[in-house]
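Novice: Encoded as C-alpha cells, here's the structure I'll be asking about.
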Amino acid sequence: MTGRSQRTALNGRRLAAGALSLFGVVILGGTLHAQQPAARPTTRPVPAALSANPRPAPPANPAELWLLPVPAAKAASPTSSLASFAAGAKAFAEARYADAVAALRDPGLEATPLAGHAQYFTGLAYLNTSRWAEARAAFARLRAGEPTGFLSEAASRREAEAAALLGDHAGAAAMYDALSRAKNGSPEETLLAMARAYQASGNHDKAAEAYRRLFYEFPTSDLSATAATELGAVRDVQTIRDTPGRYKLELGRAERLFGSRRYAPAREAFDLLRPLATGEDAELVALRIAECDHYLGRYAAARDGLAPFLDTAARKAEARFFHLTATRELGDHEDYVRLAQQLAADFPDTSWAEDVLNNLGTHHILADEDEAAAAVFRQLYDKYPRGRHAERAAWKAGWWAYKRASYYETISLFENAAGAFPRSDYRPVYLYWSARARERTGDRQGAEAVYGLVVADYQRSYYGRLAEQRLDALGVRAQAHPAPAVEQAANVTEAAEAPAAKPVPTA
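Residues in the sequence shown are numbered consecutively from 191, following the working numbering.
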C-alpha cells in the first residue's frame, strides 16, 4: 500500500466514528441492514452513463485555461509608461488631479492596452476640477476610438454629463437618448438624466416621453416615483381611456410589478384597469388581481376571485392551481389533495402539473404523511424524469424506498437520476446510497464499482470519504482512480512548461 493510500485509510478510519454520530442517515442505513434478512446475492450491471465524468475535460492547450500562466504569455517587466499609469491612478485616488493628468498624458501609454483607461481618468480629473470643456473633449476622443465594454458606456455618459455642465442640454439629451437605446448598466439613471436634459433644453414633449419610459418600463425602481412626480398626471380611468396607447402601457407596468413580486402595487395597477379591460385582457386582469390576493395572504378573496375561471377560461390551469393552493391555506386539506391530483391528470403537459405535484409532495411531508409523499414524488419523477423538480423527486422517492428495504427500486431510481443529471448536487448522494443498496442485495461487485465512482468524482467530499470507508471495509484499495479535473489540468500545465527532454508526468 502506498503512503498516500495508507494516509487515506487512516483518515477514513478516524472519520468513521464521527460521521456515524453526526449523520443520522448513516445510522439508519446500518440499522436497516441489521433488521433485514440476508438477500439473495445477485449482480446488476452498472449503467455506462454513471461512468461519465461530470466535469469537462481540461483543454490540451494550456493557453485555453482561464488565468493560467503560460510561459510564452508571461508579463514583461513594468515599463516607464505603465509606471506612469500607476502613478496617475494613485494621484487620482488621492485627489491630486493636476498630478494625475500630468502622469496619465504620458505618450508611451498610447501603445498599451491601458490607453483608453488613461484617457478616461484624464477626463474624470478634468471633470473634478471644473474644466468641463477639456473633460468633454477628452471623453469625445475616447469615444472616437470606439472602445468596448465599460469604457464605451462610461465615456458616453461622462461626455453627456460634461455637455450638460457646459449648458449644451440638447447635445447631452441626444447622447443620453442614444445610450438609452443600447444595453447599459444603469438604464433607469440614463432615462432620468435624459428626461432632465430634454427638460432643461425646453423640449418638454421629449422630456415627458423619457419620464413615461422610466415610469412604465421600470416600475420597481426607486426612480419610478420621481418620474411620476415629474409627469404630474392624475392616473385615473378617464385619463387612461382618453390617452392613445396609455392602456397598454399601464397593463405592461402592472405585469412588470407582478413579475417582480410587488403584489400590493401590482394589484392596485390591475384594479385600475379592470373597468377598461375586455376579452382576453379582462380574464388576465381578473386572474392577476386574485393571484395578488393569494400572495398577499387573502386566500378567501383569492378563491372567490378565481372561481369563475376554473372551467372555461383560457388560463384555467393557472386559475385551478392558485384556487387549490388557496383551498389548502384555508385548511381544507382533503379537498386540496383531490384538486391537486385532478389538475395533474387534466393538464399533464403543463408546468402547472409539475409544480402542483411537487407542492403536493411537500404538503404530505409537512403533514407527516411520508408514505403518501413518497408516492407523489415517485409519480412526479415517473411523469417528468427531466423536469425541474425531478432531482428532488428522485431523492425523496429513492430514500423512502431504501428505508423500506426496496433496494432494487432504490438502485433504479438513484442510478437513473445520476445518469440523467451528471452535474446535480444530488449526484454524490444518489451514487453512495445506490452502492449501499447494492451491498444490501449482495451485489458486492456492483457496490465496489459505484463506490469507486463516488471516490473518483467526490474524493474530498463527505460522501467521497464515506465511500472510501466502505471500500476499506470491503477490503478494496481506493487509490486507483482517475485524477480529478484540477489535477489533470495541473498535469497538462506541467507538461507544457517542461523541457523537451523531461518526461511528461502521468500521475
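C-beta: ideal position from N, C-alpha, C; glycine also.
#1: Pick from ALA293, HIS579 and THR540: whose alpha carbon is nearest that of HIS307?
#2: Tell me the rounded alpha-carbon separation between ALA534 and ASP494.
#3: As an exercise, report each continuous alpha helix (DSSP H) stretch of at least 4 residues that is fully enclosed by the region 511-549, in chain order.
#4: Measuring only the C-alpha atoms, how far is GLY632 from TRP623?
#5: If contact is defined by three or more beta carbon pairs under 8 Å, each pair taking one atom from either stretch, is the region 580-600 in contact with the region 610-626?
#6: Less than 8 Å between the C-beta atoms of ARG326 and SER346, yes or no?
#7: Tell me the residue span of the alpha helix (DSSP H) that contains THR233.
#8: Could you say which of PHE340, GLN389 and SER614 lies nearest to ALA364 if we only look at CA atoms?
#9: Could you give the DSSP three-state label for ALA398: helix, strand or coil?
#10: Mind checking PHE340: buried by the 16 CB within 10 Å criterion, or exposed?
#11: Once the 5 residues before and after ALA637 are set aside, which same chain residues still bring their CB inside 6 Å of it?
#12: If TYR616 and GLU581 are in contact, beta carbons under 8 Å, what's the gap, nearest whole angstrom?
#13: Does DSSP put ASP633 in a helix, in a strand, or in coil?
#14: Which of the three DSSP states, helix, strand or coil, is assigned to VAL645?
#15: With HIS579 as the anchor, note down where its alpha helix (DSSP H) starts and where it stops.
#16: DSSP state of VAL666, grouped into three classes?
#17: Locate the alpha helix (DSSP H) running through LYS167, then write down its first and last residues.
#18: Suppose only complete runs of 4+ residues qualify. What are the alpha helix (DSSP H) ranges in the region 583-615, listed by chain order?
#19: State the Cα-Cα distance for the pair SER614 and SER271, rounded to the nearest angstrom.
#20: Using only the alpha-carbon positions, how far apart do SER391 and ASP358 sit?
#21: Is the shortest distance between the beta-carbon of ILE555 and the beta-carbons of chain C less than 8 Å?
#22: Around the C-beta of ASP545, are 16 or more other C-beta atoms found within 10 angstroms, so that it is buried, or is it exposed?
#23: Count the other C-beta atoms from every protein chain shown that fall within 10 angstroms of the C-beta of GLY202, then say buried if there are 16 or more, exposed otherwise.
#24: Within 8 Å, do at least three Cβ pairs link the region 375-388 to the region 398-405?
#25: Would you mind sorting ALA587 into buried or exposed? The rule is 16 or more other CB atoms within 10 Å of its CB.
#26: Scan the region 293-370 and note each continuous alpha helix (DSSP H) run of 4 residues or more that stays entirely inside, going in chain order.
#27: I think TYR571 touches ALA584, with their Cβ atoms under 8 Å apart; what is that distance to the nearest whole Å?
#28: With DSSP run on the structure shown, which of helix, strand or coil describes ALA507?
#29: Would you check if the distance between the CB atom of ALA330 and the CB atom of GLU349 is smaller than 8 Å?
#30: One question on the structure: do TYR287 and ALA315 come within less than 8 Å of each other, judged by their Cβ atoms?
#31: Looking at the structure shown, is LEU661 part of a helix, part of a strand, or coil, going by DSSP?
#32: Between which residues of its own chain and LEU421 is the CB-CB distance below 8 Å, once the five residues before and five after are set aside?
#33: Just the Cα atoms here: how many angstroms apart are VAL619 and TYR653?
#34: For LEU240, tell me which candidate among GLY642, GLY487, GLU658 and GLY665 has the shortest Cα-Cα distance.
#35: Nearest to ALA591 by CA position, among PHE567, LEU463 and LYS573, is which residue?
Specialist: On the basis of the supplied data:
#1: Translated into the one-based positions of the sequence shown, residue 307 becomes position 117. HIS307 has its Cα closest to that of ALA293, out of ALA293, HIS579 and THR540.
#2: As a first step, residue 534 must be located in the sequence shown, where it is residue number 344. As a first step, residue 494 must be located in the sequence shown, where it is residue number 304. Near 22 Å, if we compare the C-alpha coordinates of ASP494 and ALA534.
#3: 523-536
#4: Looking up residue 632 in the sequence shown gives position 442. Looking up residue 623 in the sequence shown gives position 433. Roughly 14 Å between the two C-alpha positions.
#5: yes
#6: Residue 326 sits at position 136 when you count from the first residue of the sequence shown. Residue 346 sits at position 156 when you count from the first residue of the sequence shown. No.
#7: In the sequence shown, the residue the question calls residue 233 occupies position 43. Unbroken run through THR233: none, as it is neither H nor E.
#8: Position 174 of the sequence shown, counted from the first residue, corresponds to residue 364. Among PHE340, GLN389 and SER614, the Cα nearest to that of ALA364 is on GLN389.
#9: By 1-based counting over the sequence shown, the position of residue 398 is 208. Three-state result, ALA398: helix.
#10: As a position in the sequence shown, residue 340 is number 150, starting the count at 1. PHE340 comes out exposed.
#11: Numbered from its first residue, the sequence shown carries residue 637 at position 447. Cβ neighbours of ALA637 beyond the five flanking positions: ALA625, ARG628 and GLU629.
#12: For this step, residue 616 is matched to residue 426 along the sequence shown. For this step, residue 581 is matched to residue 391 along the sequence shown. Confirmed, about 5 Å.
#13: Working through the sequence shown from its first residue, we reach residue 633 at position 443. Note: ASP633 maps to coil in three-state DSSP.
#14: Taking the first residue of the sequence shown as 1, we reach residue 645 at position 455. If DSSP states are grouped into helix, strand and coil, VAL645 belongs with the helices.
#15: Numbered from 1 along the sequence shown, position 389 holds the residue referred to as residue 579. Note, HIS579: premise wrong, no alpha helix (DSSP H); not H, not E.
#16: Your numbering for residue 666 matches position 476 in the sequence shown. Coil.
#17: Any answer about residue 167 is impossible in this case: the structure gives the chain only from 191 up to 697.
#18: 597-610
#19: Reading the sequence shown from its first residue, position 424 is the one you call residue 614. Reading the sequence shown from its first residue, position 81 is the one you call residue 271. When rounded, the distance between both Cα atoms is 49 Å.
#20: The sequence position of residue 391 within the sequence shown is 201, counting from 1. The sequence position of residue 358 within the sequence shown is 168, counting from 1. Taking the straight line joining both Cα atoms gives about 8 Å.
#21: The chain inventory of the structure shown lacks chain C, comprising one protein chain alone.
#22: By 1-based counting over the sequence shown, the position of residue 545 is 355. Flag for ASP545 reads buried.
#23: Here the question's residue 202 lines up with position 12 in the sequence shown. Model confidence at GLY202 stands at a pLDDT of 45, short of 50, so the residue's coordinates are unreliable and nothing is read from them.
#24: yes
#25: Mapped onto the sequence shown, residue 587 falls at position 397. Classification of ALA587: buried, given that the 10 Å Cβ count is 16 or more.
#26: 305-318, 322-334, 340-355 and 359-370
#27: On the sequence shown, position 381 is the one that residue 571 refers to. On the sequence shown, position 394 is the one that residue 584 refers to. Correct: roughly 5 Å between the Cβ atoms.
#28: For the purposes of this step, residue 507 is taken as the residue at position 317 of the sequence shown. In this structure, ALA507 counts as helix in the three-state DSSP scheme.
#29: In the sequence shown, residue 330 corresponds to position 140, counting from 1. In the sequence shown, residue 349 corresponds to position 159, counting from 1. Yes, they are a contact pair.
#30: In the sequence shown, residue 287 corresponds to position 97, counting from 1. In the sequence shown, residue 315 corresponds to position 125, counting from 1. Yes.
#31: In the sequence shown, residue 661 corresponds to position 471, counting from 1. Helix.
#32: As a first step, residue 421 is located in the sequence shown; it is residue number 231 there, counting from the start. Cβ within range, chain order: ALA398, TYR401, ARG402 and PHE405.
#33: Here residue 619 refers to the residue found at position 429 of the sequence shown. Here residue 653 refers to the residue found at position 463 of the sequence shown. Cα-Cα distance, rounded: 7 Å.
#34: To locate residue 240, count along the sequence shown from 1; it is residue 50. Closest by alpha carbon: GLY642.
#35: Numbered from its first residue, the sequence shown carries residue 591 at position 401. Checking every option, the nearest Cα to that of ALA591 belongs to PHE567.
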